[in-house]
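The opening position of the sequence shown corresponds to residue 0 in numbering that gives the first Met the number 0, with each subsequent residue numbered one higher.
The C-beta atom is built at its ideal place from N, Cα and C for all residues, glycine as well.
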Amino acid sequence: MSRTRKPISRDELFAYTNGHFLVDEEQQLARRYVDFDLDALCSVAAALGDVPSPVASVSKMEGGFSKALLMEKENGCEVVAKIPFPCRIAGPVGLTTASEVGVLKYCQSAQPTLWHTDLHMGNIYVAPDHRTQIVSVIDFQSISVMPLFLQSRWPEFLKPPDNYTQGFTSPELPDGYDNMDDESKLLARREWSQAKLAKAYEVSTYLEDRPAHTARNVPRVFRELFTRCGEVSEVGVIPLRARLIEIFQNWSSLGFIGSCPYSFSEEDIQTHEQQFADYQAWHEVQHLAQECLDTDAEGWISPELDIEEKRRQNRELLAMFIERMAGEKSPEEARQMWPFPNDA
């Protein structure tokens, strides 16, 4: 048995070993522990195919919602067994795999192209001897069937910087670049490089996949109206209400006729604006922490990174944040805004 070609024990096969967590690590690992009958699973795998053959090796891979076992048989055939985590990270465990199979079958019959919504470098496999040849794309567990204008997006590794200008304009270094200090120049060059990559993707999409390019340029508020609906259970109603207010205020300019079927009073809007300002401040802190620590909302740290170093960085960042917010919030209030305060 192995994980990414490293031998592991039977207990490690059941445990989650694909990284660490900044907070509540013991609980997070326990939520992802899966005990199953390995011998029975191997017997089922051995019987599959035209000619039964014993399982010779088992390799474990783990993602955010499940683990997969690549089972190689003595006759060279391979069987993949997917085992969802017992915690309800992605819906009822008993329906997780069945729903994914159903989605894939529906997409194959209704639309031959699937849109990968989490396309970062860790999910793209290239040929060892041809680095520009993609041989596999993995991690499809979050795929969903939606209109193209909700699917079309920038791949994670090609996302443009904040100051990016869409359209047929060439990215430029910022004004005053020659007068910047070395650190600012380095940051400017990085953003310029990222902008050029994004521009190449934007132009290529326009030339090779016009429907996706058009869909990505649908007014932002329409896309966000749908995405915010799906986030209410996680972040609350404030972002969704912001989009509803924006549509109400811009009903005619968005191309609609008649009157908006709902309305907000000036008092409603003023109350919302204060609540939204507080939400934005909270959201910016979450984004800052996740970006600086190379993590996600759960505090997951890649096994390739040093977890102790990341915990040290987390403590330093929290201390800096508390100091920065000293004039606005108490240390306890600032700590409550920070996404990973437990070990900091």
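Contacting residues, own chain, Cβ-Cβ under 7 Å from residue i (five flanking each side not counted)
i: E233; result: none
i: D138; result: G62, D117 and N122
i: A333; result: F320, I321 and M324
i: A194; result: P159, P160, Y163 and P170
i: P302; result: N17 and G18
i: P51; result: A45
i: F263; result: I244 and F247
i: L253; result: P218 and I246
Three-state secondary structure assigned by DSSP to residue i
i: W299; result: strand
i: F275; result: helix
i: Y205; result: helix
i: M356; result: This structure cannot settle anything about residue 356, because the visible part of the chain is limited to 0 through 343.
i: R152; result: coil
i: F339; result: coil
i: L21; result: coil
i: P210; result: helix
i: I133; result: strand
i: K158; result: coil
i: V217; result: coil
i: V231; result: helix
i: V125; result: strand
i: P146; result: coil
i: P238; result: helix
Straight-line gap, residue i to residue j (C-alpha atoms, nearest Å)
i: I306; j: H19; result: 7 Å
i: F221; j: P154; result: 20 Å
i: D277; j: E190; result: 29 Å
i: A318; j: H115; result: 37 Å
i: S143; j: R209; result: 21 Å
i: E290; j: S42; result: 44 Å
i: R242; j: S251; result: 15 Å
i: T294; j: I300; result: 6 Å
i: G257; j: D181; result: 56 Å
i: N74; j: A29; result: 36 Å
i: V202; j: N249; result: 30 Å
i: V136; j: L103; result: 15 Å
i: P330; j: P338; result: 14 Å
i: L224; j: Q285; result: 21 Å
i: A199; j: E266; result: 46 Å
i: R310; j: A296; result: 15 Å
i: P218; j: V78; result: 45 Å
i: T168; j: F84; result: 46 Å
i: P173; j: G166; result: 18 Å
i: L316; j: E99; result: 39 Å
i: G326; j: E308; result: 29 Å
i: Q140; j: A97; result: 11 Å
i: M179; j: R152; result: 33 Å
i: L149; j: L304; result: 33 Å
i: H119; j: T226; result: 20 Å
i: F255; j: A187; result: 41 Å
Own chain, CB closer than 6 Å to residue i, minus 5 neighbours either side, in chain order
i: D23; result: none
i: R130; result: none
i: G298; result: F20, L21, V22 and F339
i: G48; result: C76
i: Q27; result: F20
Residue i vs residue j beta-carbon contact at 7 Å
i: E61; j: N17; result: yes
i: H271; j: R240; result: yes
i: N313; j: L287; result: no
i: L344; j: A214; result: Given a span of 0 to 343 for the chain in the structure shown, any question on residue 344 remains unanswerable.
i: V54; j: A46; result: no
i: F247; j: C259; result: yes
i: A80; j: L40; result: yes
i: A211; j: T204; result: yes
Cβ neighbours of residue i in the same chain (closer than 8 Å, five flanking residues each side left out)
i: I82; result: V33, F35, S65, K66, A67 and L68
i: Q132; result: V125 and A126
Interface flag, residue i vs chain C, CB-CB below 7 Å
i: L103; result: This model lacks chain C altogether, as it is built from one protein chain only.
Just list the alpha helix (DSSP H) runs in the stretch 301-333, keeping only unbroken ones of 4 residues or longer that don't cross its boundaries, in chain order. Those alpha helix (DSSP H) runs which fall completely within the stretch 301-333 and span 4+ residues are 306-323.
At what residue ranges does the stretch 22-90 contain a whole run of the beta strand (DSSP E), taking only runs of 3 or more? Whole beta strand (DSSP E) segments, 3+ residues: 54-61, 65-72 and 77-83.
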